[in-house]
Amino acid sequence: MKVLVAVKRVIDYNVKIRVKPDNSDVDLTNVKMAMNPFCEIAVEEAVRLKEKGVATEVVAVTVGPKAAQEQLRTALALGADRAIHVQTDERVESLGAAKALAKVVEAEQPELTILGKQAIDSDNNQTGQMLAALTGRPQGTFASAVVVEDGKLKVTREIDGGLQTVELALPAIVTTDLRLNEPRYAKLPDIMKAKKKPLDTKTPEELGVEVASRLTLVKVEPPAERQGGVKVGSVDELVDKLKNEAKVIS
Amino acid sequence: MSILVLAEQHDGQLAETTAHVVAAAKAIGGDIDVLVAGEHVGAIAEAAARLDGVSRVRVADSAVYAHQLAEPLGELLVALADDYSHVLAAATTTGKNVMPRLAALKDVAQLSEIIAVESADTFKRPIYAGNAIATVQSPDALKVMTVRATAFDAVAETGAASVEAVETVVDNALSRFVGEELASSDRPELGAAKVVISGGRGMGSGDNFTLLEGIADKLGAAIGASRAAVDAGFVPNDMQVGQTGKIVAPELYIAVGISGAIQHLAGMKDSKVIVAINKDEEAPIFQVADYGLVGDLFEILPELESKL
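Respectively, the protein sequence lines represent chains A and B.
Last residue of the first sequence: 1560 (my numbering), numbering continuous.
Last residue of the second sequence: 309 (my numbering), numbering continuous.
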């Protein structure tokens, strides 16, 4: 079966972000960018399905600026067979991304589409669910295990308080949680080979979708800083402070 | 304006988070309805009717909504949404699962995990793991939102709303519930607990988490963990406190053997009082802790338990 995997270019996981002095947004100039960590897990899962002989082809897709090609090349180096770049310089929110992805799903007809559960920039946690709704496909979100069985998909989901298992009709949409797998690193020869793999570029206009965000970003501020308190010297002092100063225990 | 709040359920009862989401709805202003969807949910509907500020509870009682599967629940919300200017749910795994389906099918943007209401169309929400706070305005006629429950104080239970059945029943041929493995515990739920004690990589092993249990018993606390402890395989992911886990804001948060990575702080820094116990006095967790105790947790924890 064909697997489509969506990736997003975001600020690198380890970079401490700065808010622009005019509070218009987060400052991304000269900041290291990378593939969203949950998307890395999505790519890994797709590649493992191919290695197991379940998937026959893995297609990576992104919606974003020209530079997002780097993340598609990373996906190709990790084992995707080809890539599709929906190129736009608009500020794309989840709904726009889901609309563009829905057009790609319509054209490619993958049996399984895998996305990260959320991007670490906007922290929206929406695109996979929106894509499922727009394509009329069932969804297995926050997946910690994915098994293809008798033409159906069994997805174990990380839910509040534990795990839930659902069975989905194929074609379906899955979003990844942290424990689904541990992504591999790309090897140098694979990075070289990835440069020769096919990468198609399309525009939202060609797909017939409007991807620009409709939400207005009024301002972006740093969060209120929490002030550190005191160090206590002993357990007795700690218990005393909690009882008599903070009054949070009795 | 009229607002629909999707009730959250837990173990056949109305989840505490619902009272917090109703508080967010009150901050927006307007008539507030609560939707209770599930199977045999009469008691949950009655509990929802007591929430202060709610004028009507709408009950969709059908097997198709049992287990809160996103596909039928999303269809139900789509069928009801035209009556409302805002549809709200808690930013729980249930709310996060279903609300984007509603937003997409109504062709509107969703606002995730709001922490403040500025006006009926403008809200604050954390981005970049809580390292920035965005103020976002939505021009859409329908606002679909999830709410970070800890950011709003729960409404009282002094209300007496009417309860009405919803006739809409949808089909679901796409997904099927297979099973659930829920951690059974007599302890309060992480997200709602007044006291939380969490262990990190410094705990050394999953077995050592028993050192936290005695203290949790004495304080009526929930037990959490850092992502490092989860990644190390000490404890399951549903115990994780942090941007990629649960967001908590208890009266008292005790961080044990947790260094204080940004992603953990994002999940607990709104706690009223923070205590950090760590052997590394340079650990960043001390920068946010009201009370820090430097030392060996294997000595400190038994002593703390005996002195509580």
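By construction, the Cβ of each residue, glycine as well, lies at the ideal position given by its N, Cα and C atoms.
Contained beta strand (DSSP E) runs [length at least 3] in the stretch 250-302 of chain B, N- to C-terminal order = 253-257, 274-279, 292-295
ask   = Any heavy atom of the ligand COA closer than 7 Å to the CB of S260 of chain B?
value = Only the bare structure without any ligand can be found here, which leaves the ligand COA out of the picture.
key: Any 3 or more C-beta pairs closer than 8 Å across the stretch 218-229 of chain B and the stretch 188-195 of chain B   = The stretch 218-229 of chain B, when compared against the stretch 188-195 of chain B, does touch it at the 8 Å Cβ threshold.
ask   = Quick one: does K273 of chain B have its CB under 8 Å from some CB of chain A?
value = yes
task = From the DSSP output, in three-state form, read off R1383 of chain A for me.
result = helix
N1491 of chain A versus D84 of chain B: straight-line alpha-carbon distance, rounded = Distance between the alpha carbons of N1491 of chain A and D84 of chain B: 43 Å.
task = Return the CA-CA distance between A1443 of chain A and Q1537 of chain A, expressed in angstroms with no decimal places.
result = 44 Å
key: Rounded C-alpha distance that separates G131 of chain B from E9 of chain B   = Each residue's Cα considered, the two are about 24 Å apart.
ask   = The beta strand (DSSP E) spanning I1309 of chain A covers which residue range?
value = This structure does not reach residue 1309 of chain A, given that chain A is present from 1311 up to 1560, and the question cannot be answered.
request  = Could you tell me which of A:A1356, A:S1432, A:V1396 sits nearest to Y1323 of chain A, measuring between CA atoms?
outcome  = A:S1432
ask   = From T1526 of chain A to R177 of chain B, what does the alpha carbon distance come to, in whole angstroms?
value = 38 Å
key: Cα-Cα separation between R1328 of chain A and R59 of chain B, rounded to whole angstroms   = 45 Å
ask   = Just the Cα atoms here: how many angstroms apart are A174 of chain B and K1362 of chain A?
value = 28 Å
key: is_contact[R1524 of chain A, chain B] using C-beta, thresh 8 Å   = yes
key: With 16 other Cβ atoms within 10 Å as the buried cut-off, status of K1503 of chain A   = exposed
ask   = Taking the alpha helix (DSSP H) that S1404 of chain A falls in, what are its first and last residues?
value = 1404-1418
Length of the line joining the Cα atoms of N98 of chain B and A1429 of chain A = Their Cα atoms are separated by approximately 15 Å.
request  = Have a look at the DSSP bridge pairing and note the partners of V1542 of chain A.
outcome  = Here V1542 of chain A is bridged, per DSSP, to B:L294.
message = With a threshold of 8 Å between beta-carbons, can D141 of chain B be considered close to chain A, or not?
response = yes
message = I'd like the list of long-range same chain contacts for E72 of chain B, defined as Cβ closer than 8 Å, with 5 residues on each side in sequence excluded.
response = R102, N173, L175, S176
ask   = So which residues on chain B does V1528 of chain A lean against when the C-beta distance must stay under 7 Å?
value = T123, T136, V137, Q138
message = For chain A, check one thing: does any of its Cβ atoms lie closer than 8 Å to the Cβ of D239 of chain B?
response = yes
message = Would K308 of chain B pass as an interface residue toward chain A - the criterion being a Cβ-Cβ separation below 8 Å?
response = yes
message = Going by beta-carbon coordinates alone, are V289 of chain B and L266 of chain B separated by less than 8 Å?
response = yes
key: Of the residues A:E1354, A:V1396, A:K1326, the one placed nearest R1489 of chain A, counting alpha carbons only   = A:E1354
task = Taking C-beta pairs closer than 7 Å, name the residues in chain B that R1489 of chain A reaches, listed in chain order.
result = What R1489 of chain A touches in chain B: N238.
Anticipated Cβ contact below 8 Å, V276 of chain B with I263 of chain B, distance rounded = V276 of chain B to I263 of chain B, Cβ: 19 Å. No contact.
query = What's the gap between the Cα of V249 of chain B and the Cα of D208 of chain B?
reply = 24 Å
ask   = Using the beta-carbon of each residue, which ones in chain B are nearer than 7 Å to E1403 of chain A?
value = A110
query = Along the chain, where does the beta strand (DSSP E) that runs through F235 of chain B open and close?
reply = Element bounds for F235 of chain B: n/a, residue is neither H nor E.
ask   = With which residues is D34 of chain B paired in a DSSP beta bridge?
value = B:L5, B:R57
Buried versus exposed call for T1513 of chain A [16 or more other C-beta atoms within 10 Å across all chains shown] = T1513 of chain A should be labelled exposed.
task = For the alpha helix (DSSP H) containing M100 of chain B, list its first residue and its last residue.
result = Counting along the chain, M100 of chain B sits inside the alpha helix (DSSP H) bounded by residues 94-106.
key: Proximal residues to G31 of chain B (C-beta, below 6 Å), its chain only, five neighbours per side dropped   = So the qualifying residues of the chain are M2, S3, I4.
task = Please name the residue, chosen from A:G1471, A:S1544, A:L1480, A:A1412, that lies closest to E182 of chain B on a Cα-to-Cα basis.
result = A:G1471
task = Starting from the Cα of D122 of chain B, find the closest Cα among B:I259, B:A91, B:V109, B:I128 and give me that residue.
result = B:V109
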